[in-house]
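I have placed the structure first, in the form of structure tokens, so that the comments after it can refer back to it.
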Amino acid sequence: MAKNSEVETPVINILGNGTSIKGDIKASGDMRIDGTLIGTINARGKVVIGSTGRVDGEIICQSADFSGSLNGKITVTELLAMKASSQILGDIITGKLSVEPGAKFTGNCKMSETANNPMVVPQDIDEKSKKTAQ
Numbered sequence: 001m002a003k004n005s006e007v008e009t010p011v012i013n014i015l016g017n018g019t020s021i022k023g024d025i026k027a028s029g030d031m032r033i034d035g036t037l038i039g040t041i042n043a044r045g046k047v048v049i050g051s052t053g054r055v056d057g058e059i060i061c062q063s064a065d066f067s068g069s070l071n072g073k074i075t076v077t078e079l080l081a082m083k084a085s086s087q088i089l090g091d092i093i094t095g096k097l098s099v100e101p102g103a104k105f106t107g108n109c110k111m112s113e114t115a116n117n118p119m120v121v122p123q124d125i126d127e128k129s130k131k132t133a134q
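The opening residue of the sequence shown carries number 1 in the numbering used here; numbering runs sequentially from there.
Below, the structure written as structure tokens:
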């Protein structure tokens, strides 16, 4: 019998500039937003919000680089990096926070180390992901 050995390749999902989506996105890999999303992003990897990116809703991810805008809540288990052009209106929950001069944030921020953090961890994407992780 032959073994089924699948090589795991990183998955990068992109929402391009000029594109708008209303709904929820669940991603097993990384996600880049350069357009507009009204809804929730739940990603197991890194979320990048480009300078033209806008999210109205909630982001849950492992790490994030932020250059665009968010009106809502962001939960990051590791590092949230806010670039100079970023604007967040809402709550931040993160393990670590990096803020460049010029970044704008209005809301509450809660930080703690990942190991002792009772934060929301990015949820399993589907049953297949749960089985693969085991």
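Glycine residues also receive a C-beta, built at the ideal position from the N, C-alpha and C atoms.
Between residue i and residue j, how many whole angstroms is the CB-CB distance? I'm expecting something under 8 angstroms.
i, j, result
"Gly50", "Arg32", "7 angstroms"
"Asp34", "Gly53", "5 angstroms"
Beta-carbon separation of residue i and residue j under 7 angstroms?
i, j, result
"Ile41", "Ile59", "yes"
"Asp91", "Asn108", "yes"
"Ile38", "Asp56", "yes"
"Ser69", "Lys83", "no"
"Ala81", "Cys61", "no"
"Leu89", "Thr75", "no"
Let me check understanding here. Comparing Cα to Cα, which of the options lies closest to residue i?
i, options, result
"Lys110", "Val47, Gly53, Ile93, Leu89", "Ile93"
"Glu138", "Leu97, Ile88, Leu89", "Since the displayed the chain opens at 1 and closes at 134, residue 138 lies outside it and no answer follows."
"Ser86", "Gly95, Glu100, Ile74", "Glu100"
"Ile21", "Thr36, Lys73, Ser28", "Thr36"
"Ser28", "Thr19, Ala103, Val47, Lys73", "Val47"
"Lys26", "Ile14, Gly95, Ala103", "Ile14"
"Gly95", "Ser112, Gly18, Asp24", "Ser112"
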